[in-house]
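The block underneath contains the structure these notes are about, expressed in structure tokens.
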Amino acid sequence: AQKVTQAQTEISVVEKEDVTLDCVYETRDTTYYLFWYKQPPSGELVFLIRRNSFDEQNEISGRYSWNFQKSTSSFNFTITASQVVDSAVYFCALSEQGSNYKLTFGKGTLLTVNP
Amino acid sequence: KAGVTQTPRYLIKTRGQQVTLSCSPISGHRSVSWYQQTPGQGLQFLFEYFSETQRNKGNFPGRFSGRQFSNSRSEMNVSTLELGDSALYLCASRRGERETQYFGPGTRLLVL
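Quick mapping for you: the protein sequence lines, in order, are chains A and B. Those letters in the first sequence? Residues 1 to 115, per the working numbering, in order. Those letters in the second sequence? Residues 1001 to 1112, per the working numbering, in order.
The structure is reproduced here in structure tokens:
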């Protein structure tokens, strides 16, 4: 069965600090997709990034970067020079080939960026 | 392009009542999935609809049902509400099989 673990329940940083959110996944499938979503207090899940299992290239988008390592089944997310607006709950999610209709989510990490 | 919309945004019901939530997907998206989010269980998959057919269902009792219309809009219904049904209900739409799911703002349901 697939599983996503986000060991960090809450992280609190001061503005401009860098912060890394950890995500470890379990799957028996060889083809799968990994995602990160952001959930601000309003509740909507905002899509941030998607990676497929064949693409281990790291990605950078502005202050955001993602490190995908199949060898350790991890898909970590780093925010550089954090800002107050980054405060939210961040979810890592997994979908397997053949069941792309269903996302398996981690429990989420609450990030609080203090001014 | 407009995002996924959900109505109503907030709802208060009492035990035993039933409720219907609505989701309008992004234009051109034919698949709609529903999720329940609670503090205890996190985000859990409810069911998925594609072309007016329920293709997949999560581990929820039969009180949870849904449907999809020809314009891809979807509704979910919960009958005989229980206190434990209090949650944020999120729907997500996607264009095709390997596409990303995009979520709506959710409906917050409180059962008293």
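Virtual Cβ for every residue (Gly too), placed ideally from N, Cα, C.
Discussion item. Does the CB of A:SER73 have a neighbour CB from chain B at under 8 Å?
Written reply: No, A:SER73 does not count as interfacial toward chain B.
Fill in: Beta-carbon gap between B:LEU1046 and B:PHE1060 smaller than 8 Å
Pairing B:LEU1046 with B:PHE1060 gives a Cβ-Cβ distance under 8 Å.
Worksheet item: Sorted by chain position, which residues of the same chain lie with C-beta nearer than 7 Å to B:PHE1050's C-beta, five sequence neighbours on each side aside?
Response: Answer for B:PHE1050: ARG1030, SER1031, listed in chain order.
Discussion item. Taking the beta strand (DSSP E) that B:LYS1013 belongs to, which residues open and close that run?
Written reply: Taken as a continuous stretch (DSSP letters only), the beta strand (DSSP E) holding B:LYS1013 covers 1010-1013.
Worksheet entry | Per-residue burial, B:GLY1104 [other beta carbons within 10 Å of its own, 16 or more giving buried] | By the Cβ-count criterion, B:GLY1104 is buried, with 16 or more other Cβ atoms from all chains shown falling within 10 Å of its own Cβ.
Item to complete: Report yes if the CB atom of B:ASP1085 is closer than 8 Å to the CB atom of B:LEU1109, and no otherwise.
Response: Less than 8 Å separates the beta-carbon of B:ASP1085 from that of B:LEU1109.
Worksheet item: Under a three-way DSSP split, which group does B:VAL1004 fall into?
Response: DSSP, read as helix, strand or coil, puts B:VAL1004 in coil.
Fill in: Alpha-carbon to alpha-carbon, B:GLU1097 and A:ARG28
Roughly 20 Å between the two C-alpha positions.
Worksheet entry | Option nearest A:LYS38 by Cα separation, candidates A:ASP86, A:TYR101, A:ASN114, A:SER95 | Measuring from the Cα of A:LYS38, the nearest candidate turns out to be A:ASP86.
Discussion item. Just verifying my parser: in three-state terms, what is the DSSP assignment at A:LEU138?
Written reply: In the structure displayed, chain A extends from 1 to 115; residue 138 of chain A sits before or after that span and is not available.
Fill in: Of the residues A:ASN114, A:PRO115, A:LYS107, the one placed nearest A:CYS23, counting alpha carbons only
For A:CYS23, the nearest C-alpha among the options comes from A:LYS107.
Worksheet entry | Separation of B:LEU1088 from A:GLU44, as counted between CA atoms | Spanning the two alpha carbons is a distance of roughly 10 Å.
Worksheet item: Who does A:GLU26 pair with in a DSSP beta bridge?
Response: According to DSSP, residue pairing for A:GLU26 in a beta bridge involves A:LYS3.
Worksheet item: Given that A:LEU48 touches chain B, what residues does it touch there, using C-beta distances under 7 Å?
Response: Per Cβ cutoff of 7 Å: no residues; A:LEU48 is ~10 Å from chain B at best.
Worksheet item: Does the stretch 73-80 of chain A come close enough to the stretch 5-19 of chain A to have 3 or more Cβ pairs within less than 8 Å?
Response: Judged by Cβ distances under 8 Å, the stretch 73-80 of chain A makes contact with the stretch 5-19 of chain A, as three or more pairs qualify.
Worksheet entry | For A:VAL115, the nearest candidate out of A:PHE54, A:VAL13, A:TRP66 (CA to CA) | First, the amino acid is wrong: residue 115 of chain A is Pro here, not Val. If you compare the alpha carbons of A:PHE54, A:VAL13, A:TRP66 with that of A:PRO115, the shortest gap goes to A:VAL13.
Worksheet item: In whole angstroms, what separates the C-alpha of A:PHE68 from that of A:SER74?
Response: Looking at the backbone, the Cα of A:PHE68 and that of A:SER74 are separated by about 6 Å.
Practice prompt. Determine the direct distance from the alpha carbon of B:THR1080 to that of B:GLY1042, and round the result to whole angstroms.
Written response: Between B:GLY1042 and B:THR1080, the C-alpha separation is close to 22 Å.
Worksheet item: Under 8 Å, do B:LEU1090 and B:TYR1035 count as touching if we go by C-beta distance?
Response: The answer is yes: Cβ separation under 8 Å.
Worksheet entry | Within-8 Å CB hit, B:PRO1105 to chain A | By this cut-off, B:PRO1105 is an interface position.
Discussion item. Could you check if A:GLU17 belongs to the surroundings of the ligand ZN, using beta carbon to heavy atom distance under 7 Å?
Written reply: In the structure on display, the ligand ZN does not appear, and there are no ligands present to speak of.
Worksheet item: How big is the Cα-Cα spacing for A:CYS92 and A:LYS3?
Response: Using only the alpha carbons, I get a separation of about 11 Å.
Worksheet item: Taking only beta-carbon atoms, is A:GLY62 less than 8 Å away from chain C?
Response: Checking the listed chains, one finds no chain C in this structure; the protein chains it contains are A and B.
Item to complete: Check whether the Cβ atoms of A:VAL113 and A:VAL84 sit closer than 8 Å, and answer yes or no.
Response: Between A:VAL113 and A:VAL84, the C-beta gap is smaller than 8 Å, which places the two residues in contact.
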